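For the sequence shown, this note's numbering gives the first residue as 99, with consecutive numbering after it.
Heads up: the structure comes next, in structure tokens.
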Amino acid sequence: MATFLYKLGRSAFRRRRLVALLWVALLAIAGIGAATAPAPTSGSFSIPGTEAQRAFDLLEERFPGAGADGATARVVFKAPEGQKVTDPAHKAVVEETVAALKSGSDQIVSVADPYATQAVSQNGSTAYVSVAYKVNAMELTDETREALTQAGQNAQGKGLTVEVGGDALQTMPATGAGEIVGVIIAGIVLVMTFGSLVAAGLPLLTAIIGVGIGVSSIAALANVLDLGSTTSTLAMMIGLAVGIDYALFIVSRYRAELAEGREKEDAAGRAVGTAGSAVVFAGLTVVIALVGLAVVNIPMLTKMGFAAAATVVIAVLIALTLIPALLGFAGDKVIGRKQRKGLKKDAGSQTDKPNGGTRWARLVIRRPVTVLLIGVLGLGAIALPAASLEMGLPDDGVKPTSTTERRAYDALSDGFGPGFNGPLLVVVDGDKAAADKTVSSIKGLEGWAAVTPATPNKAGDAAMITVVPKDRPSSVATETLVHDIRDATGDDVLVTGATAMNIDFSQKMNDALVPYLALVVGLAFLLLTVVFRSILVPLKAALGFLLSVVAALGAVVAVFQWGWLGSLFGVEQTGPIMSMMPIFMVGVVFGLAMDYEVFLVTRMREAYVHGERPGEAIVTGFRHSARVVTAAAVIMIAVFSGFIGMTDQMIKMIGFGLAVAVLFDAFVVRMAIVPAVLALLGHKAWWLPKWLDRILPNVDVEGEGLAKRDEEGAGSKPDLVKA
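Here is the structure:
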């Protein structure tokens with residue numbers, strides 16, 4: 099592989115104008131496709147194999163239109179202390195608001211008068227207007243949302259407290275500011291790492307081009323493939339991360355080859371042949387993690403994973419072709435002025451001076467047991483809260499109190515009970531007698547606050563029952579009620595609704611975690627066995643990754659579920675951890691962790707294969723790669739940390755979880771535990787059974803073929819002189 103990539107790198111360097119033109123053309127084509135395609139929607143959401151989904155499908159069949167996924171809103175009115183919303187003056191304000199809502203948008207299906215639908219609390223302090231829309235939240239126009247908020251604001255100054263809840267106000271999180279800050283920090287770190295604006299700019303430029311092509315392609319195909327608007331967010335996050343990483347490592351290797359006195363074209367070829375080989379396998383591990391999301395069997399996640407994986411493939415191809423092409427344009431400017439002067443004086447002197455990576459590696463080698471114990475015990479202690487992990491999907495109850503959605507949620511809880519925000523919809527596949535029997539069975543259970551009479555369909559062969567739990571939607575008591583209803587009724591009775599869907603979704607994600615881990619870690623273990631030609635090195639890499647992910651989950655539980663240091667991170671309301679969080683962290687962090695593992699340890703393997711002792715190889719790997727791996731990790735931590743400042747609880751949680759996971763994995767596992775374990779193992783670290791060595795393909799990530807090329811070239815020169 100190294101030889102093929104070496105030729106590819108040299109070819110891209112020579113034909114840099116053609117290569118650059120091709121990538122610019124692809125970016126333009128993708129951009130035109132995105133600009134002319136219809137705007138993406140939120141995408142269809144289904145959870146195959148769950149009772150909630152079967153109930154939803156039955157609703158669509160027996161109650162046409164009742165199971166539609168259109169957006170909803172609740173305009174909540176609360177009277178001043180001692181007054182009631184049924185007072186004539188307040189009632190006039192509410193009815194005026196109902197009329198304004200009905201004429202506010204052609205996307206509205208219905209607006210329910212609270213006095214006609216009995217949507218008034220028993221004490222008369224609170225009432226709400228239910229608004230149903232034709233389309234989902236992501237397809238609502240700005241004018242429709244503005245009409246909704248304006249109707250509430252107009253009523254606000256007329257003696258009532260008015261708040262608006264529901265998913266109609268839901269919009270895609272505005273992550274642009276966080277991404278811009280992340281790119282700026284990335285630029286600063288790259289300048290500090292390379293000492294050259296040109297060298298720092300190359301990873302940023304190529305990463306942006308790759309993300310631009312990937313995200314634009316997703317936007318162009320979104321409606322055709324039903325990808326959904328959230329797909330591009332994941333692709334952008336992953337594409338930006340790996341795009342910077344891959345370019346960073348190839349540019350760094352190119353500079354190292356120049357420092358050894360090689361010609362520019364040869365240096366570009368060698369950088370792609372060696373670091374590029376590592377990029378290919380690092381990219382494969384990320385693709386495996388993302389494509390592996392198909393194991394969860396949730397179509398939305400599967401599509402997101404495949405789209406993000408395609409963006410990673412684009413990042414790899416750009417690193418292998420566009421980077422050497424741009425290096426050809428950059429010339430000597432890829433190295434800072436001071437370094438260029440040093441190269442002219444002595445090409446080899448720069449590698450002799452110990453750097454920070456060298457000094458740290460030597461320290462770890464001298465005290466491997468101490469470093470290993472501190473690292474493992476420290477991460478183990480942080481991981482302990484993960485044993486108390488409770489999963490769910492956050493609702494309006496965990497939003498900041500500064501938002502109208504949270505205040506509407508609290509007002510409904512105060513007026514109608516905490517379970518009112520998460521009603522259960524029970525669907526009976528039978529006649530009225532079966533439905534009445536189901537109502538009686540539910541009333542014999544504990545945990546409900548209200549059970550409505552059964553509402554049959556026109557054909558009389560199905561009925562709907564609404565059950566309001568006593569406790570809030572995300573509570574354990576509500577989950578218990580859902581399971582009790584299912585256990586107390588027959589197969590012809592199904593429970594659905596947003597709360598039941600969330601419970602089933604969380605359970606499905608929990609059940610899929612172990613198979614997903616087994617698939618991803620297992621395939622990556624086989625891949626790394628081929629790369630490192632070792633059994634213990636891939637095993638150590640997988641175990642270290644699991645340790646860092648569990649520790650990160652422990653930190654997430656401590657902050658977002660227990661509330662430790664919650665005020666520091668802007669957590670106003672604790673609650674269950676987002677159901678997608680464990681699998682999402684496994685997929686994203688595994689890819690980044692294996693990036694650092696491959697780039698750091700392949701350099702050690704390269705030194706070992708070329709004759710260095712195990713301890714010397716560890717030092718060599720750190721001397722060449724530690725600074726670059728550190729820079730890549732700092733960039734990723736900064737990018738992910740930018741999302742912690744978001745008001746959306748889910749985005750905040752994702753940003754925090756990914757930031758601490760990268761922190762633990764890069765600086766504790768890869769920089770401390772990995773060299774400590776390798777130092778203790780010595781030659782055994784690179785042991786591979788002979789029978790396995792014979793059947794494994796030799797991918798030559800270390801560039802042995804290039805080394806033989808050098809030896810053959812050097813050996814032929816005296817003969818040419820004699821001739």
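In this text, a Cβ means the ideal position worked out from N, Cα and C, and glycines have one as well.
Fair warning: this is a prediction, and the values are worked out from it, not measured in the lab.
For residue i, collect the residues of the same chain with a Cβ closer than 8 angstroms to its Cβ; drop the 5 residues on either side in sequence, then sort them by chain order.
i	result
residue 262	171, 172, 173, 174, 246, 247, 250, 502, 503, 506
residue 552	526, 530, 533, 534, 536, 537, 561, 562, 563
residue 619	640, 643, 644, 688
residue 390	403, 614, 617, 618, 621, 685
residue 400	391, 392, 394
To the nearest angstrom, how far is the alpha carbon of residue i from that of residue j?
i	j	result
residue 812	residue 702	Confidence at residue 812 is low in this model, with a pLDDT of 48, below 50, so the placement of that residue should be treated as unreliable; the coordinate-derived value is given next. Answer to the nearest angstrom: the Cα atoms are 25 angstroms apart.
residue 105	residue 422	11 angstroms
residue 181	residue 260	15 angstroms
residue 108	residue 625	27 angstroms
residue 287	residue 341	15 angstroms
residue 233	residue 520	21 angstroms
residue 725	residue 453	9 angstroms
residue 784	residue 775	12 angstroms
residue 873	residue 581	Residue 873 is absent from the structure shown; the chain starts at 99 and stops at 821.
residue 666	residue 654	13 angstroms
residue 490	residue 611	14 angstroms
residue 197	residue 215	15 angstroms
residue 55	residue 464	This structure leaves residue 55 out entirely; the chain is present only between 99 and 821.
residue 176	residue 681	41 angstroms
residue 253	residue 144	37 angstroms
residue 396	residue 146	7 angstroms
residue 449	residue 718	Note that residue 449 scores a pLDDT of 46, beneath 50, so its modelled location is shaky and nothing firm can be said.
residue 285	residue 303	10 angstroms
residue 457	residue 758	25 angstroms
residue 299	residue 706	33 angstroms
residue 136	residue 495	33 angstroms
residue 484	residue 228	39 angstroms
residue 514	residue 605	28 angstroms
residue 264	residue 169	8 angstroms
Within the present structure, is the beta-carbon of residue i separated from the nearest heavy atom of the ligand MN by less than 6 angstroms?
i	result
residue 773	The ligand MN is absent from the structure shown, which contains no ligand whatsoever.
Once you ignore the five residues that flank residue i on each side, which residues in its own chain have a CB closer than 7 angstroms to its CB?
i	result
residue 762	477, 646, 649, 650
residue 354	722
residue 330	313, 316, 317
residue 670	498, 499
residue 103	370, 371, 374, 375, 418
residue 715	702, 705, 706
residue 469	462, 770, 774
If you drop the 5 nearest sequence neighbours on each side, which residues of the same chain put their C-beta closer than 6 angstroms to that of residue i?
i	result
residue 568	517, 545, 547
residue 365	352, 355, 356
Go to residue i, then tell me how far its alpha helix (DSSP H) extends in each direction, as first and last residue.
i	result
residue 264	Per DSSP, residue 264 belongs to no alpha helix (DSSP H) and is neither H nor E.
residue 332	329 to 357
residue 101	100 to 112
residue 170	Element bounds for residue 170: not the alpha helix (DSSP H) but the beta strand (DSSP E), 170 to 176.
residue 594	From DSSP, residue 594 is part of no alpha helix (DSSP H) but of the beta strand (DSSP E) over 591 to 594.
residue 252	240 to 254
residue 754	747 to 761
Using alpha carbons as the reference points, say which of the options lies closest to residue i.
i	options	result
residue 720	699, 730, 729, 738	699
residue 156	669, 591, 691	591
residue 322	132, 238, 338, 208	132
residue 115	690, 766, 541, 425	425
residue 120	299, 308, 715, 148	308
residue 683	708, 663, 738	738
residue 388	191, 627, 432, 335	335
residue 697	708, 754, 772	772
residue 256	187, 348, 766	187
Just curious, the beta strand (DSSP E) that residue i is in, first and last residue?
i	result
residue 207	206 to 209
residue 563	561 to 567
residue 662	Taken as a continuous stretch (DSSP letters only), residue 662 belongs to no beta strand (DSSP E), as it is neither H nor E.
residue 228	224 to 231
residue 93	Any answer about residue 93 is impossible in this case: the structure gives the chain only from 99 up to 821.
residue 522	522 to 526
Since residue i contacts residue j with CB under 8 angstroms, what's their CB separation in whole angstroms?
i	j	result
residue 319	residue 325	7 angstroms
residue 217	residue 230	That belief does not hold up - the Cβ atoms of residue 217 and residue 230 are roughly 13 angstroms apart, past 8 angstroms.
residue 731	residue 764	3 angstroms
residue 628	residue 794	6 angstroms
residue 345	residue 305	6 angstroms
residue 593	residue 149	6 angstroms
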